[in-house]
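In my numbering, the protein residues as written are 361 to 447. No residue lacks a Cβ here, since even glycine has one placed at the ideal position from N, Cα and C. As the structure is a computational prediction, the values presented were derived from the model and not from experiment. Working notes for the structure below.
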Amino acid sequence: MARRQLSPGERLRVTRDALGLTLRNVHTASLVLARKLRNKRFILPASRLHDLEAKDSVPSIHRLYTLAHVYRCNVTKLMNWYGVPYR
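Right, here's the structure in full:
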């Protein structure tokens, strides 16, 4: 029997759990990144991350970058999860 493919939100949750991060940990890391880049658009509140995981909302490009940075993966991988082709 074929296993169903995880949604982007489920993949985000699995990745976060595998790294041992809480919603608050991700938020804190996003604050550090936003401060370093001097751009508040990179801030990812815990409530928004919960929405991304539970409601399959689509993140902005800034927040997608934040997730890739915090989860230590390539942003193109995350883009692919959301069906955005990279050329």
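query                                                                                                           : result
I'd like to know whether the C-beta atoms of serine 417 and aspartate 411 end up nearer to each other than 9 Å. : yes
So for glycine 443, helix, strand or coil by DSSP?                                                              : coil
Taking Cβ to Cβ, would you say leucine 409 is nearer than 9 Å to leucine 383?                                   : yes
CB arginine 373 to CB arginine 401, shorter than 9 Å?                                                           : no
Going straight from the alpha carbon of arginine 398 to that of glycine 443, what length do you get?            : 29 Å
Just to confirm before moving on: does the CB-CB distance between glycine 369 and lysine 415 stay below 9 Å?    : yes
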